[in-house]
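So the sequences go chain by chain: A, B, C and D.
Take the first sequence: its position 47, counting from 1, is numbered 47 in the working numbering, and each next residue is one higher.
Take the second sequence: its position 277, counting from 1, is numbered 679 in the working numbering, and each next residue is one higher.
Take the third sequence: its position 120, counting from 1, is numbered 924 in the working numbering, and each next residue is one higher.
Take the fourth sequence: its position 377, counting from 1, is numbered 1583 in the working numbering, and each next residue is one higher.
We put the beta carbon where it would ideally sit given N, CA and C, even for glycine.
Comments concern the structure below.
Protein chains: 4
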Amino acid sequence: MDTLYRPATEPSVSGNLHLERYLKVRRYTEALIAPLTPEDMVVQSMPDTSPVKWHLAHITWFFETFILSRLDGYQVFDPAFGYLFNSYYEALGPRQPRAQRGLLTRPSLEAVLEYRRHVDNHMSVFLSSDLSPEVTDLLELGLAHEEQHQELLCMDVLHLLAQSPLKPAYNPRWAQPATGRRGQFVRLDGGLVEIGAGNDGFAFDNERPRHKVWLEPFEIADRLVTNGEWLEFMNDGGYRRADLWLSDGWATVQAQGWDAPLYWQADGNNWQVMSLRGLQPLQPDAPVTHISYYEAAAFATWAGARLPTEAEWELAAVAGALEQAHDTAWQWTNSAYLPYPGFTPGVGAVGEYNGKFMSGQMTLRGGASVTPQGHARPTYRNFFAPDKRWLFSGVRLARDVK
Amino acid sequence: MDTLYRPATEPSVSGNLHLERYLKVRRYTEALIAPLTPEDMVVQSMPDTSPVKWHLAHITWFFETFILSRLDGYQVFDPAFGYLFNSYYEALGPRQPRAQRGLLTRPSLEAVLEYRRHVDNHMSVFLSSDLSPEVTDLLELGLAHEEQHQELLCMDVLHLLAQSPLKPAYNPRWAQPATGRRGQFVRLDGGLVEIGAGNDGFAFDNERPRHKVWLEPFEIADRLVTNGEWLEFMNDGGYRRADLWLSDGWATVQAQGWDAPLYWQADGNNWQVMSLRGLQPLQPDAPVTHISYYEAAAFATWAGARLPTEAEWELAAVAGALEQAHDTAWQWTNSAYLPYPGFTPGVGAVGEYNGKFMSGQMTLRGGASVTPQGHARPTYRNFFAPDKRWLFSGVRLARDVK
Amino acid sequence: MDTLYRPATEPSVSGNLHLERYLKVRRYTEALIAPLTPEDMVVQSMPDTSPVKWHLAHITWFFETFILSRLDGYQVFDPAFGYLFNSYYEALGPRQPRAQRGLLTRPSLEAVLEYRRHVDNHMSVFLSSDLSPEVTDLLELGLAHEEQHQELLCMDVLHLLAQSPLKPAYNPRWAQPATGRRGQFVRLDGGLVEIGAGNDGFAFDNERPRHKVWLEPFEIADRLVTNGEWLEFMNDGGYRRADLWLSDGWATVQAQGWDAPLYWQADGNNWQVMSLRGLQPLQPDAPVTHISYYEAAAFATWAGARLPTEAEWELAAVAGALEQAHDTAWQWTNSAYLPYPGFTPGVGAVGEYNGKFMSGQMTLRGGASVTPQGHARPTYRNFFAPDKRWLFSGVRLARDVK
Amino acid sequence: MDTLYRPATEPSVSGNLHLERYLKVRRYTEALIAPLTPEDMVVQSMPDTSPVKWHLAHITWFFETFILSRLDGYQVFDPAFGYLFNSYYEALGPRQPRAQRGLLTRPSLEAVLEYRRHVDNHMSVFLSSDLSPEVTDLLELGLAHEEQHQELLCMDVLHLLAQSPLKPAYNPRWAQPATGRRGQFVRLDGGLVEIGAGNDGFAFDNERPRHKVWLEPFEIADRLVTNGEWLEFMNDGGYRRADLWLSDGWATVQAQGWDAPLYWQADGNNWQVMSLRGLQPLQPDAPVTHISYYEAAAFATWAGARLPTEAEWELAAVAGALEQAHDTAWQWTNSAYLPYPGFTPGVGAVGEYNGKFMSGQMTLRGGASVTPQGHARPTYRNFFAPDKRWLFSGVRLARDVK
Ligand SMILES: [Fe+3]
Ligand SMILES: [Fe+3]
Ligand SMILES: [Fe+3]
Ligand SMILES: [Fe+3]
């Protein structure tokens, strides 16, 4: 990693919590790219993914645009970067089309790392000054944003490497998935409960406001569905039985030829799974991952259960009823990603962060093995379209109490 | 109409309410096709629509399949029709692909009308006998189904005729849209309320079970948005301002080149609107129709409001707070079409009627000018994907109480 | 047919050869549609085909546009028809998009037949007058044009009916394909020969000018490849051996899943073939038809032969060396459809008839069972893109003399 | 360049012409990549292009597969490379899909350069031995193949860099296009002439056999059409006048929105052109390049001329009548790329080199500024589909003698 990155001049950061947190997040990004070649970092393996180099620059652009650019006298590193590395903020002007991010062989990785150092240097100076609450909020947002892209980076790297006939490992020493017993249903009473983030502490706008929800009594599994359970579903014709699937899901199964989770690869009578550790034998006792909402819903139907709603999941998580909540795989809920009652998006361009994506997606709750530590919380709302599989997603079951 | 259709031998139906209702529904279908030529009835104008002839046969096949075929000694009219006129029931076997229904020039219209007479004759005899509750439920379902297709038939005919450079009228004497004053917000208190259909009377499975929902206080418009209000939105750059749109909506605007509702056609400085009455001048005081969810949501944002949720709409409708609830245009809600808590689909193939479509669609409430009288009710849940515009859909606004 | 068509008032045509020929061609078109329903005539089964009703109107529009409209005082039957029934003449203005001809449920068939009568009446009067050579040329072109559409109509009807799960016969008494012995190679010497149409008599512009070509000695088959020979190719893995195919052809085989000629349908261990007579058992001794250029070329490679060039075919045809030249199936040549040396297109809109299609297509020679009698000639150049199969096309082999 | 490439141990090559030629060609490839970053070499900018790194490996694989692998005791460098770097040889087994060559971030550039060194070392030893005529032919083929890919590499690099909003120069010192006077027609008599390669010397199989062709007298321009002439075409509505275009060409113009040659970019009232030297002002006196066949044909029609046939071009080139024949831009002919009379493809997998592409493409003659010196010759047949524009193609006019 040293050859790629020379850290910003290190100020004495003792006592400056903002700066410490900033540098810690930024360093983790650079640690993540250490195993990659420049070529790994420029290619875009499908329109949903972004090149690693683009991630590196975009999360830096976020700090530059929303914090540094508002400071007197700050000069942007390169005026072209506003076009190249804006993701989707319409209020900030035109930008490189998403599906063509992989055409950006220039600027080089070296220039992007130089950009990071430039912004880090300026941020380090700035964070040593007194910060207004508004800036603190933007800093927290920028750091949460970079953490989200750290996870995206892992998703995108795995997808890229999985396309290679060579099936190269990203990092052979990446953590193994946790194995363990199968889940059991636990019962919760429901009633008139409150969910969502309160006013204190950092949360995304989509987690607010905290609000009342009525819940009937329900049961929820304390652990995630395992690969072994998924094999039972498959062996029972799970991918061939239309009756188990939502209509759109069944159409997707047929159009895409799905017959197993995304990264499973038949190997004679066994299965191999492509992972950040490379191609490895399937572990029956590990949680199944890289599952679309359609597959999760079909599995639940097959199992005589259903997926939990957002509110059920959050109630159970807060109640401490759930294992594997935040560190294993995101868990599809049966709730569409829609605004909470009374939702108001952030002000200005930042208001585009979440609200405009509130159609066509399902909410996931929890967190995954690639989610940076401390990033998620019980009120956190992740969201993807129901056919996506390249995220680290799994299945937690729920059911009605009869 | 006489030339096309000779009604089934008319039994004395006095006192037989089932038979009277059956024949009334069936006759209305035939009245609807009277203005059409055989050529109008065979063409499929886009994959979402079906040919009128296909509708005529499919709704007949529904009675034959779910009622007559279970009777001792009944012979199906033509064994090939199971393949040709099954819509989406996987449990009933393979079927003509949806997008290729317009290739079915055979059987001829005459044969399809003969099929209707055959089924009507058998149904008339059967309905004169004692009916079990289960059969009564299927009869009600079949009739509600035919009524749904009566509305679809109007939607599909309008879409077909609108594709013609000749812009022919379906029926020049079709009812004019109701005009009137603009809407005003009325306030409702919310609280812990109940929505959904109870156990009595006919309702689709998706309207059940009745269940509790917590609602914050809210305001809802007593009338629908008018063409004149829509023009204000357009004149204010409504179709050109990304900030008003959901991300998927904005992508659709650009990909489809939307700059007005579906059937609007610029005519110098004025607008003409294609309707079942043919091409007619825009009426500013009539409700806007043929609006996608994306457009409805963008308009609401522009207007400083939002769309109501399903529960808000139902509460207000039951409270009698709404004009134009059931007879003007379906009203997009901001609720995704998902199962109610405790939802269980019907048993057997009929279970595919609603449940499997519970992904990717938004719920609409109310009813439209083309909805058969008496078909809808306050608990009724209509649903379409957010980009669809060929339904008779409009906009009712809501907003939070500050 | 009587119910559909009331012929134009019949003048005494004795002695008027132009009028006799005109009425004969026009009547044959109407005879061709006698077995069809109005619904059969409105549907477009793929973008390459046109609805029969459209053909009926278009070939009438051709006479109206290129002959009647130039006469003093002639009123066009309906000004909208110029938009609806222009095929591809850019010089004549915009037109209904080709792929959307099937949306034209109006004008009705009855109106189109009325259009035909109107034009026939005016043409009958006009043809009874003295005709300039220029008009005679246009008349010949219009009649040849209608004959081409008579063949297209047969192609398009077969394609439409073949899409139906009912596999209806167009006409159960349509002529059976001629069976007979397999072909044998005959040798021709080549040398400096002349091909193409001379100045006398009617020919399309693409057949001219007559010009010199040098040919090496070659052999050409005296009959067409049979279904039995094609089965041998298939049984030898013809559709699975990449080495036999052109690169584009192999890509098409894989993308389209071709494993037999277009209208073949496996029936246990046997084959059925959809034809204008309906679905019938394969006849091994009949010529194979509905073959793309890609398939023809692959077969020729498999057979150790090649396809003839245009010039070889024409030389052999003129020499009387060929059976099944004009009445069985069009024969793919290995010549691209390009202008002859010195080619000049017709003047005015008529110049768009042939010349602008001279890219991306291969030439076929001969004529088919659906080609109107007397329509083709040895210099005739038919042309289609190499992946098309809905034409009545077959294979005649050639090879070099070693 | 040194940092990227350490040449193979240099034998004393004096007197070994094969080895000298081999090393010269191989070195030129490496010189071509010197200005590029590893990231530039891995990205595929459209399905038609290949990543530079893929070119580097593929042309090496060609020598390994067709020469080294047949030698006793040779061990392939990496067995996976057969899958990764086979282009289209079906006889050699499955391979990385063409459109997914850009997903190959591994093997790294360094590994590919190591592969080149490995093969160069073995080839150097082998070429120092006595070579059979068959091997000499394969060597010549391999070198001509690498030269073709040197040109492709330039085409693909320009296309990639042109996609970048930064419009980076490949090499600011790359040669300027030659400017000069406009062309003039020269007359040739034609007659019974011979074209094609004779039996002596290297030529591709598609250039053979030499054969007789009859040509009418014709005129051909001695120079290529200039940018200034192209501007006149554009200013005369060239891209907006359907009458000038082939039907497929006009459809392409509309579907692609063409209004200028590929790399032209409007800059106020002027034009900039993207080139290997970066974005530069249009030079009116330089030949127009990056023109599709469709555009070339439309221009010729506009100019009252036509494109030459292959035979006309070759006759004129051999006669010394042409300037800018081989060093400026490939020249579209009006001849389809089809086999010469008596054509026989090479034996074995090498037989797939040319023959299977003989459909759907037009022949170009001459050579371009990016064609390696000495690579082309008067009988050389280049070929591309008529809509392609990323090649260095231009226009030379011809016309009939009246
Ligand atoms: Fe971002
Ligand atoms: Fe239905
Ligand atoms: Fe025509
Ligand atoms: Fe190659």
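**Request:** Reducing DSSP to helix, strand and coil, say where V690(B) ends up.
**Result:** coil
**8 Å Cβ cutoff met for A317(A) and V213(A)** = no
**Asked** At a Cβ threshold of 8 Å, is S873(C) touching chain B?
**Response** no
**Message:** Which residue wins for smallest C-alpha separation from L633(B), given the options L421(B), E609(B), N671(B), H547(B)?
**Reply:** N671(B)
**Message:** If you measure from each CB to the nearest heavy atom of ligand 1 and keep those under 7 Å, what residues do you get, in chain order?
**Reply:** H58(A), I59(A), F62(A), S87(A), H145(A), Q148(A), H149(A)
**Asked** To the nearest angstrom, how far is it from the Cα of R408(B) to the Cα of A433(B)?
**Response** Note that R408(B) has pLDDT 39, beneath the 50 cutoff, so the model's placement of it is unreliable and no number is given.
**Request:** Indicate whether at least one CB of chain C lies closer than 8 Å to the CB of L584(B).
**Result:** Checking the sequence shown, residue 584(B) turns out to be Arg, not Leu. It does not; no Cβ of chain C falls within 8 Å.
**Prompt:** Which ranges does the alpha helix (DSSP H) cover as unbroken runs of at least 4 residues, wholly within the segment 1258 to 1308 of chain D, from first to last along the chain?
**Reply:** 1258 to 1272, 1287 to 1291
**Message:** Which residues in chain C have a C-beta closer than 7 Å to the C-beta of G504(B)? List them in chain order.
**Reply:** V847
**Item:** Per DSSP, the bridge partner or partners of E621(B)
**Value:** R589(B), R801(B)
**Message:** Here's the rule I'm using: 16 or more other beta-carbon atoms within 10 Å means buried, otherwise exposed. How should Y476(B) be labelled?
**Reply:** exposed
**Request:** Look up P1339(D) in the DSSP assignment and say whether it is helix, strand or coil.
**Result:** helix
**Asked** Quick one: is the Cβ of P774(B) within less than 7 Å of any heavy atom of ligand 6?
**Response** Inclusion of ligand 6 in the displayed structure is not the case, the ligand content consisting of ligand 1, ligand 2, ligand 3 and ligand 4 alone.
**Item:** Rounded separation between H1179(C) and L1349(D) - CA only
**Value:** 54 Å
**Asked** Would you report the Cα separation of A296(A) and Y337(A), rounded to the nearest angstrom?
**Response** 16 Å
**Request:** Rounded to whole angstroms, what's the CA-CA distance from S1139(C) to I999(C)? Just pull it up for me.
**Result:** 14 Å
**Asked** Should M1329(D) go down as buried or exposed, given a rule of 16 or more other Cβ atoms within 10 Å for buried?
**Response** buried
**Asked** Since D844(C) meets chain B, which of its residues come closer than 8 Å, beta carbon to beta carbon?
**Response** T507, R508
**Request:** Put N1327(D) into one of helix, strand or coil per three-state DSSP.
**Result:** helix
**Closest Cα partner of F85(A) within the set L262(A), L68(A), I59(A), K24(A)** = I59(A)
**Message:** Checking 8 Å against the spacing of the C-beta atoms, do F1598(D) and M1568(D) come in under that value?
**Reply:** no
**Request:** Answer with buried or exposed for N121(A), where buried requires no fewer than 16 other C-beta atoms within 10 angstroms of its C-beta.
**Result:** exposed
**Request:** On the DSSP bridge assignment, give the partners of M676(B) in chain order.
**Result:** L681(B)
**Request:** Tell me whether L1364(D) sits in a helix, a strand or coil according to DSSP, three-state version.
**Result:** helix
**Asked** DSSP three-state call for T333(A): helix, strand or coil?
**Response** strand
**Asked** Buried or exposed: which applies to D602(B), given that a residue is buried once 16 or more other Cβ atoms fall within 10 Å of its Cβ?
**Response** exposed
**Item:** Residue environment, P509(B), which counts as buried when at least 16 other CB atoms sit within 10 Å
**Value:** buried
**Asked** At which residues does the beta strand (DSSP E) containing F1187(C) begin and terminate?
**Response** 1186 to 1188
**Request:** Flag L799(B) as yes if its beta-carbon sits less than 8 Å from any beta-carbon of chain A, otherwise no.
**Result:** no
**Request:** Check each candidate in A727(B), H561(B), E725(B), L541(B) and name the one with the smallest Cα separation from W666(B).
**Result:** H561(B)
**Request:** Tell me whether M1038(C) sits in a helix, a strand or coil according to DSSP, three-state version.
**Result:** helix
**Prompt:** With distances taken between CB atoms, is the gap from L397(A) to V225(A) smaller than 8 Å?
**Reply:** yes
**Prompt:** Between the beta-carbon of V1249(D) and the beta-carbon of P1257(D), is there less than 8 Å?
**Reply:** yes
**Message:** When you compare the CB positions of R584(B) and E631(B), do they come within less than 8 Å of one another, or not?
**Reply:** yes
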